[in-house]
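For reference, the structure is listed below as structure tokens.
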Amino acid sequence: MRPAADATVATGAQRRRRRGLGSDRLGPFGRFYVTIMTGAVLIPFLPLIVGSFAFRWTWPDLLPSTWWWEARGTARLPQGWDYIFSPVSRVVESTGNTLLIAIIVTLLCTLISLPAARVIARERFRGKSFIEFFLLTPLIIPEIAVGLGILVTFIQLGLAGTYLGIVLVHLIPTIPYMVRVLTSVFQGLSSDYEEQARVLGAGPLKTLVHVTVPMILPGIIAGGLFAFLISSNIFLLTFFIGRGQIETLPTLLFSRVSGGGALDAVAAGVALIVCVPGIVLLIITERFIKEEVFAKGFGG
Amino acid sequence: MQSASLPPSTPPSGARRASGRRTWMRRLYVPLMLAPVVLTITTLFVGALVVALLQSFGYAPLYGINEFPTFKYYGSLFSQAGFWASVGLTFYYAIVPTIVGTILSIYLALALRRRFRGKGFVQFVYKLPLMIPYLVGVAVTIVLFGNGGIIARSLYAIGLIETTRDFPRLIYSHAGWGVMFVYVWKQVPFTTLIVYSVLMGLGRESEEAAATLGANKWQTFWHVTLPQIMPGIVSATIIVFAFNFGSFEIPFILGGGFPNTLPVEAWRAFEDADYSRRLRAMAIVMVIGLMSGAVLFVYLWTYRRFERLRGRQ
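Chains as they are written, first to last, in the working numbering: chain A, 90 to 389; chain B, 13 to 325.
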């Protein structure tokens, strides 16, 4: 911004700026729009929360006529949250599976992507733009096209319905993002420090452990959180390769909402539980993930 | 890079062989570093596509079928009206929410640059749908837009409708309002985040210059802001369109039954008790990949050409 000019003699441009474009304040329509968009995100969760606590919620009541806690003692079947936390519902098991798979995928994906990201960020070599494009293709080719081909192969190899099979397919959508995040991490990092360490006599391993890794660690954590999130949200590939034998939170939610008709209390509760990893990560990533990571695109 | 920082001194004896080894290692350095990623993606991703391609042309010894090469699975697809209805639905569900979502996102990203009360809260909350599975969006849509949903109940409460039948079918119908709502709800944060980060990287100097030179808001947006954020918009729409085109669970749950989108039809064919139908599924999947790829190729090509015409590389 320019230093403040003499307030008494504002030029036309300054006046215009104060009124319209240059003014930093959001106008009334903009505020209205932002409120609507925020409401569109949050308000849909309200009926989900209310629904998860409902015992009887029939047409046309806007609120349940009987709440969960009113019927807890008398109901024959466990309702709402009682059911969700009972072992029958498989919620705890699915949460465990989701976390386990996401952690392994994150570690594997980081290990695989780190060397490539470093080379793409720092070296010039023939076919570089092809490699960069190649690593983005999993984002452009629809997952189902890959999913069925893999499923056939994995059935043959005995990998369908196994943790290994699911971890392997989860690498496909996570690697492109991880490479992208880590590449931008290496680009933002000058190689001077590493060179200085080498000049001062540190070996390649020592340089890696004492210089490179500490410097890129925040970036690795950011990329890792991102991969974790993607993996824990994947439905299609888990559904295809898991074959119903390994249930994660998204596949559990699928079996709850795909019945058609209205949503029962258990489905509403499961939908809320499925949001937990995302909300936790949203809180964490507010601090870690730089938005500029997304800025580089296909177009430029 | 490293050799450049070494001081130019006379090499000690025997350095020739050592430096020979170093150049050899340097030559292998890039391929070795790239190998893990390239091999993983090639085996899993390209491998899967090759398997699907071979099967779609009739090579499936596992089911005792080997008619390679045959076009009959494609032929039987292309000759059915239901297939073309599926193609139409798939394009419709993919394109409309991409366009609507992008417009909503551009305005949201522009608004987020300004100051307003509660900005920190909004910037935090708007990303929420980005962080959770699409299926939560499906659940939300059923609760809101179902015939016994909250909106229908609200309309009853104010006396506009009498029974659930009076409420228009927004989900479980071919019009696909529910399907497209889920896409927009989930993808606006994604596109907004990309556009917003591009905007942040740009700064406001050129816009201020345009305003100083007398451009009004619309002129500034069309001629200064939009061209600058175009790369972000293009990459976001590419990812969003590709996702929508190949999305399975959302039209599967919220769509209107047969004919449904290509991915749903592919899954149904694959799950058929008759194993030979699996080859038909592979043919559908190949069509999905090709159509999506062709659309994106033309889109990107047009955009690049447009950029070149405008004199920007």
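Idealized CB from N, CA, C, for every residue including glycine.
With 16 other CB atoms within 10 Å as the buried threshold, where does residue i fall?
{"i": "lysine 84 of chain B", "result": "exposed"}
{"i": "glutamate 375 of chain A", "result": "exposed"}
{"i": "lysine 198 of chain B", "result": "buried"}
{"i": "asparagine 78 of chain B", "result": "exposed"}
{"i": "arginine 146 of chain B", "result": "For clarity, residue 146 of chain B is tyrosine in the given sequence; the question names arginine instead. Tyrosine 146 of chain B should be labelled buried."}
{"i": "glutamine 67 of chain B", "result": "buried"}
{"i": "tyrosine 287 of chain B", "result": "exposed"}
{"i": "methionine 45 of chain B", "result": "buried"}
{"i": "serine 88 of chain B", "result": "exposed"}
{"i": "tryptophan 313 of chain B", "result": "exposed"}
{"i": "tryptophan 146 of chain A", "result": "buried"}
{"i": "threonine 175 of chain B", "result": "exposed"}
{"i": "glutamate 283 of chain B", "result": "exposed"}
{"i": "valine 241 of chain A", "result": "buried"}
{"i": "alanine 281 of chain B", "result": "buried"}
{"i": "threonine 203 of chain B", "result": "buried"}
{"i": "arginine 215 of chain A", "result": "exposed"}
{"i": "phenylalanine 179 of chain B", "result": "buried"}
By the three-class DSSP mapping on this structure, what secondary structure does residue i have?
{"i": "alanine 360 of chain A", "result": "helix"}
{"i": "arginine 216 of chain B", "result": "coil"}
{"i": "arginine 39 of chain B", "result": "helix"}
{"i": "isoleucine 262 of chain B", "result": "helix"}
{"i": "alanine 151 of chain B", "result": "helix"}
{"i": "leucine 371 of chain A", "result": "helix"}
{"i": "alanine 291 of chain A", "result": "coil"}
{"i": "isoleucine 132 of chain A", "result": "coil"}
{"i": "asparagine 78 of chain B", "result": "strand"}
{"i": "tyrosine 105 of chain B", "result": "helix"}
{"i": "leucine 110 of chain A", "result": "Reliability of the predicted coordinates at leucine 110 of chain A is poor, the pLDDT of 47 falling under 50, and no value is obtained from them."}
{"i": "alanine 97 of chain B", "result": "helix"}
{"i": "tyrosine 71 of chain B", "result": "strand"}
{"i": "aspartate 281 of chain A", "result": "helix"}
{"i": "histidine 186 of chain B", "result": "coil"}
{"i": "phenylalanine 270 of chain B", "result": "coil"}
{"i": "phenylalanine 157 of chain B", "result": "helix"}
{"i": "glutamate 174 of chain B", "result": "coil"}
Starting from residue i and walking both ways along the beta strand (DSSP E), at which residues does that stretch end?
{"i": "phenylalanine 144 of chain A", "result": "143 to 145"}
Where does the unbroken alpha helix (DSSP H) through residue i begin, and where does it stop?
{"i": "tyrosine 85 of chain B", "result": "84 to 90"}
{"i": "serine 166 of chain B", "result": "162 to 169"}
{"i": "proline 153 of chain A", "result": "No alpha helix (DSSP H) contains proline 153 of chain A, which DSSP labels as neither H nor E."}
{"i": "threonine 314 of chain B", "result": "289 to 321"}
{"i": "arginine 251 of chain B", "result": "It is worth fixing the name first, because residue 251 of chain B is isoleucine in this sequence and not arginine. From DSSP, the alpha helix (DSSP H) with isoleucine 251 of chain B extends over 238 to 258."}
{"i": "histidine 259 of chain A", "result": "252 to 276"}
{"i": "threonine 139 of chain B", "result": "A quick correction: the sequence has lysine, not threonine, at residue 139 of chain B. No alpha helix (DSSP H) contains lysine 139 of chain B, which DSSP labels as neither H nor E."}
{"i": "tyrosine 172 of chain A", "result": "169 to 173"}
{"i": "arginine 339 of chain A", "result": "The sequence shown places proline at residue 339 of chain A, not arginine. Proline 339 of chain A -> alpha helix (DSSP H) spans 338 to 346."}
{"i": "arginine 126 of chain B", "result": "Here arginine 126 of chain B belongs to no alpha helix (DSSP H), and DSSP marks it neither H nor E."}
{"i": "tryptophan 279 of chain B", "result": "274 to 282"}
{"i": "alanine 311 of chain A", "result": "302 to 322"}
{"i": "threonine 54 of chain B", "result": "It is not in any alpha helix (DSSP H) - threonine 54 of chain B carries neither H nor E in the DSSP assignment."}
{"i": "serine 218 of chain A", "result": "217 to 229"}
{"i": "serine 178 of chain A", "result": "Serine 178 of chain A -> no alpha helix (DSSP H), and no H or E assigned at all."}
Between the Cα of residue i and the Cα atoms of the options, which residue gives the shortest distance?
{"i": "phenylalanine 329 of chain A", "options": "A:Asn322, A:Val355, A:Thr340, A:Ser321", "result": "A:Thr340"}
{"i": "valine 276 of chain B", "options": "B:Thr237, B:Ala169, B:Val152, B:Ile300", "result": "B:Ile300"}
{"i": "valine 359 of chain A", "options": "A:Pro153, A:Ala129, A:Glu182, A:Trp148", "result": "A:Glu182"}
{"i": "methionine 242 of chain B", "options": "B:Ser218, B:Val196, B:Asp284, B:Arg316", "result": "B:Arg316"}
{"i": "leucine 200 of chain A", "options": "A:Ile368, A:Val274, A:Ile264", "result": "A:Ile264"}
{"i": "leucine 124 of chain B", "options": "B:Leu205, B:Ala306, B:Gly305", "result": "B:Leu205"}
{"i": "valine 112 of chain B", "options": "B:Val194, B:Phe133, B:Gly213", "result": "B:Val194"}
{"i": "threonine 187 of chain A", "options": "A:Val346, A:Ile335, A:Ile368, A:Asp281", "result": "A:Ile335"}
{"i": "leucine 137 of chain A", "options": "B:Val99, B:Met37, B:Ile162", "result": "B:Ile162"}
{"i": "phenylalanine 134 of chain A", "options": "A:Ile373, A:Gly290, A:Ile368", "result": "A:Ile368"}
{"i": "phenylalanine 133 of chain B", "options": "A:Thr127, A:Leu326, A:Gly116, A:Leu294", "result": "A:Thr127"}
{"i": "leucine 120 of chain B", "options": "A:Val123, A:Arg213, A:Ile323", "result": "A:Val123"}
{"i": "tyrosine 252 of chain A", "options": "A:Val346, A:Phe121, A:Leu189", "result": "A:Leu189"}
{"i": "valine 180 of chain A", "options": "A:Ser344, A:Val235, A:Leu237", "result": "A:Ser344"}
### Validate contact between the segment 203 to 214 of chain A and the segment 263 to 275 of chain A using beta carbons, cut 8 Å, 3 pairs
yes
### Message
Under 8 Å: do the segment 133 to 144 of chain B and the segment 225 to 233 of chain B share three or more Cβ pairs, one atom per stretch?
### Response
no
### Query
Looking at C-beta atoms only, is the number of pairs between the segment 228 to 241 of chain A and the segment 248 to 260 of chain B that lie closer than 8 Å three or more?
yes
### Query
How do the segment 123 to 138 of chain B and the segment 288 to 298 of chain B stand: do at least 3 beta-carbon pairs fall below 8 Å, yes or no?
no
### Query
Would the segment 335 to 355 of chain A and the segment 171 to 186 of chain A be scored as touching if the rule is three or more Cβ pairs under 8 Å?
yes
### Query
Does the pairing of the segment 152 to 167 of chain B with the segment 187 to 195 of chain B give three or more beta-carbon distances under 8 Å?
yes
### Message
Would the segment 302 to 315 of chain A count as touching the segment 246 to 260 of chain A if we require 3 or more Cβ pairs under 8 Å?
### Response
no
### Query
Is there contact here, the segment 215 to 225 of chain A with the segment 145 to 164 of chain A, by at least three beta-carbon pairs under 8 Å?
no
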